[in-house]
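Numbering that gives the first Met the number 0 numbers the first residue of the sequence shown as 0 and each following residue consecutively. Even glycine gets a Cβ: it sits at the ideal position worked out from N, Cα and C. For reference, the structure discussed in these notes is given below.
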Amino acid sequence: MSTAPPLSEPLPQVKPLHIGPVVVDPPVLQAPMAGFTNYAYRQIVRQFGGAGLQATEMISARGFVSLEKHEQELPDRLWGVADEPRPLAVQIWDNDPAILAEVGAELAHEFRVSVVDINFGCPVKQVTEKAHSGSYLLKHPDRVAAI
Numbered sequence: 000m001s002t003a004p005p006l007s008e009p010l011p012q013v014k015p016l017h018i019g020p021v022v023v024d025p026p027v028l029q030a031p032m033a034g035f036t037n038y039a040y041r042q043i044v045r046q047f048g049g050a051g052l053q054a055t056e057m058i059s060a061r062g063f064v065s066l067e068k069h070e071q072e073l074p075d076r077l078w079g080v081a082d083e084p085r086p087l088a089v090q091i092w093d094n095d096p097a098i099l100a101e102v103g104a105e106l107a108h109e110f111r112v113s114v115v116d117i118n119f120g121c122p123v124k125q126v127t128e129k130a131h132s133g134s135y136l137l138k139h140p141d142r143v144a145a146i
């Protein structure tokens with residue numbers, strides 16, 4: 000049976016994680032969770048020491064494009080993103096490679112987002128059955144490759 004080291008001993012040093020040019024230090028990633036990882040949550044996490052990479056809630060790429068076309072306000076899930084410390088990730092979902100590319104580029108250039116994460120794991124019916132996105136795409140490797 001192993002025991003934890005006494006609190007008086009320093010924790011082992013862990014090397015930073017590199018995602019392309021993005022350095023994640025400490026190598027701790029806060030997962031994007033719909034309904035939870037909003038601006039207030041991310042601020043609280045920072046107050047308790049933070050994570051090397053924080054993420055917003057996932058965003059519908061198609062919804063993002065639609066709001067922009069109608070000159071409506073962007074999703075609340077992006078509130079505060081422009082002023083937050085970096086690195087910061089935004090997770091997007093859709094099944095259309097062109098829409099994902101358009102939104103990903105805008106997030107990277109206009110919002111200075113460090114990482115654009117494409118969701119392939121969400122099991123929620125609204126995402127999988129209605130939008131054919133999220134984990135639904137894992138059954139369609141050709142579509143994943145196109146994305």
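Taking Val102 as part of the alpha helix (DSSP H), name the residues at either end of that continuous run.
-> Pro96 to His108
If we count the other Cβ atoms within 10 Å of its Cβ and call it buried at 16 or more, is Phe35 buried or exposed?
-> exposed
Coil, strand or helix - Ala113 by DSSP = One detail in the question is off: residue 113 reads as Ser in this sequence, not Ala. Note: Ser113 maps to coil in three-state DSSP.
Take every Cβ of the segment 106-122, pair it with every Cβ of the segment 82-90, and state whether three or more of those distances are shorter than 8 Å.
-> yes
Go through its chain and collect everything with a Cβ distance to Val102's Cβ below 6 Å, but skip five positions before and after it.
-> Ala60, Phe63 and Ile91
Could you check what DSSP says for Met64 in three-state terms: helix, strand or coil?
-> Correcting the residue type first, residue 64 is Val in the shown sequence and not Met. Looking at Val64 - three-state DSSP - the assignment turns out to be helix.
Over what stretch of residues does the alpha helix (DSSP H) that includes Ala88 continue unbroken?
-> Unbroken run through Ala88 is the beta strand (DSSP E), Leu87 to Trp92; no alpha helix (DSSP H).
Own chain, CB closer than 8 Å to Ser132, minus 5 neighbours either side, in chain order | Trp92, Asp93, Asn94, Asn118, Cys121 and Val126
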